[in-house]
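Asker:
In my numbering, the protein residues as written are 61 to 133.
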């Protein structure tokens, strides 16, 4: 289940990255887009280097995260 939510998060972050040229995303925005409990998935993504966390509420996808999600789709 964590992997599915993590992939949904990465897809949402990838779209945001393209539309906003790499801008930071708020966790509230992700909660709306993904519609799941995202905290465990965010920990998984950060641990694996797929996202970068700026502060308690802002994050963005990394190059590793982009590569990972593009390989999965």
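Each residue gets a CB set at the ideal place from its N, CA and C atoms; glycine is no exception.
Please classify residue 129 as buried or exposed, where buried requires at least 16 neighbouring CB atoms within 10 angstroms.
Answerer: On the chain shown, residue 129 is found 69 positions in, with the first residue counted as 1. Answer is buried; the Cβ neighbour count reaches 16.
Asker: Is it buried or exposed, residue 92, if we count other Cβ atoms within 10 angstroms and call 16 or more buried?
Answerer: Taking the first residue of the chain shown as position 1, residue 92 is located at position 32. Exposed is the call here.
Asker: Excluding the 5 residues preceding and the 5 following residue 100 in the sequence, name in chain order all residues of the same chain whose CB lies nearer than 7 Å to its CB.
Answerer: Against the chain shown, residue 100 aligns to sequence position 40. Once the five neighbours on either side are set aside, the close Cβ partners of residue 100 are 62.
Asker: Does the Cβ of residue 85 have 16 or more other Cβ atoms within 10 Å, making it buried, or fewer, making it exposed?
Answerer: Counting from one through the chain shown, the residue named residue 85 turns up at place 25. The residue in question, residue 85, is buried, as its Cβ has 16 or more Cβ neighbours within 10 Å.
Asker: Which residues in the same chain as residue 71 place their Cβ atom closer than 7 Å to its Cβ, once the five residues preceding and following it in sequence are excluded?
Answerer: Your numbering for residue 71 matches position 11 in the chain shown. Cβ neighbours of residue 71 beyond the five flanking positions: 129.
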